[in-house]
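Step one of this worksheet: look at the structure below.
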Amino acid sequence: MLLYDKITVIDIEATCWEDEKPPENQEREIIEIGICKLNMSDGSIEDKRSYFVKPYKSEVSEYCTKLTGITAEKLEKEGISFQEACSRIKNRYNSLVRTYSAYGGFDKEIIENQCRELGTRFPFSDTYIDLKILISLMKGEKPKGLLKELQFRNLEFEGNNHSGADDAYNTAKLLYSVLRK
Numbered sequence: 001m002l003l004y005d006k007i008t009v010i011d012i013e014a015t016c017w018e019d020e021k022p023p024e025n026q027e028r029e030i031i032e033i034g035i036c037k038l039n040m041s042d043g044s045i046e047d048k049r050s051y052f053v054k055p056y057k058s059e060v061s062e063y064c065t066k067l068t069g070i071t072a073e074k075l076e077k078e079g080i081s082f083q084e085a086c087s088r089i090k091n092r093y094n095s096l097v098r099t100y101s102a103y104g105g106f107d108k109e110i111i112e113n114q115c116r117e118l119g120t121r122f123p124f125s126d127t128y129i130d131l132k133i134l135i136s137l138m139k140g141e142k143p144k145g146l147l148k149e150l151q152f153r154n155l156e157f158e159g160n161n162h163s164g165a166d167d168a169y170n171t172a173k174l175l176y177s178v179l180r181k
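Counting from 1, one number per residue, gives the positions in the sequence shown under UniProt numbering.
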């Protein structure tokens, strides 16, 4: 049975490189899962947090650190395995029985791929709202990115861009604004 009282909103940060092409023997992988719950009755957002994930086949580049603020040292100190992050999300967010959402398909796709690759159970339900597609359908034009879509609706971005938890929080604000219309 799917619960509709809250929507789980996520944002993924992954290893990245300035020219988008990973160095030899490295691949893009999740290093942070930002997550929160959007309360559909009043638009409040709760339980905002980040799960930092230790990479297992790539290193955090200097470019990635500049973009996200995530260092190899931070992941070594605070990071957990991807499997552990998925387990904690399922337990804390009841995510298998709630709709989940993100801004675009990247977040969903990279988690699905990493779950498949590692033989880990996908931590979310089958019900997904791609906010980028939803905006595109409503406006009849291509969305302009999270920051510009927030500005378009006179919503202020709170926190740091490319912080998983902050991006998830702001995506939740945007989602509520879009669904209210």
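Don't be surprised by glycine CBs; every beta carbon is placed ideally from N, CA and C.
Check: Which residue from 83, 3 and 25 puts its Cα closest to that of residue 203?; Outcome: Nothing can be reported for residue 203: it is not among the residues displayed for the chain, which extend from 1 to 181.
Check: If you drop the 5 nearest sequence neighbours on each side, which residues of the same chain put their C-beta closer than 7 Å to that of residue 149?; Outcome: 135, 143 and 174
Check: Do you know how far the Cα of residue 141 is from the Cα of residue 133?; Outcome: 10 Å
Check: Closest to residue 62 by C-alpha separation, out of 3, 86, 12 and 20, would be which residue?; Outcome: 20
Check: Do residue 53 and residue 85 have their beta-carbon atoms positioned less than 7 Å apart in this structure?; Outcome: yes
Check: Which one of 7, 169, 155 and 55 has the shortest CA to CA distance from residue 32?; Outcome: 55
Check: If you follow the beta strand (DSSP E) that residue 183 is part of, which residue opens it and which one closes it?; Outcome: Residue 183 cannot be examined here, being either before or after the span of the chain that is shown, 1 to 181.
Check: Count the other C-beta atoms from every protein chain shown that fall within 10 angstroms of the C-beta of residue 71, then say buried if there are 16 or more, exposed otherwise.; Outcome: exposed
Check: Nearest CA to the CA of residue 90: which residue from 37, 177 and 17?; Outcome: 37
Check: Got a sec, what are the start and stop residues for the alpha helix (DSSP H) residue 155 sits in?; Outcome: Segment: none, residue 155 is in no alpha helix (DSSP H) and carries neither H nor E.
Check: Does residue 13 come out as helix, strand or coil in the three-state DSSP assignment?; Outcome: strand
Check: Apply the 10 Å Cβ neighbour rule to residue 6 and answer buried if 16 or more other Cβ atoms are within range, or exposed otherwise.; Outcome: buried
Check: Determine contact between the region 92–107 and the region 119–133, defined as no fewer than three beta-carbon pairs at a distance below 8 Å.; Outcome: yes
Check: Taking the alpha-carbon positions, what's the residue 153 to residue 177 distance?; Outcome: 8 Å
Check: Comparing alpha-carbon positions, which option in 162, 163, 146 and 165 lies nearest residue 195?; Outcome: No information on residue 195 is available, as it lies outside the stretch 1 to 181 that the chain covers here.
Check: Would you mind sorting residue 151 into buried or exposed? The rule is 16 or more other CB atoms within 10 Å of its CB.; Outcome: exposed
Check: Who does residue 135 pair with in a DSSP beta bridge?; Outcome: Answer is none; residue 135 lacks a bridge partner.
Check: Using a Cβ-Cβ cut-off of 8 Å (strictly less than) and excluding sequence neighbours within five positions of residue 49, which residues of its own chain qualify?; Outcome: 34, 35, 36 and 165
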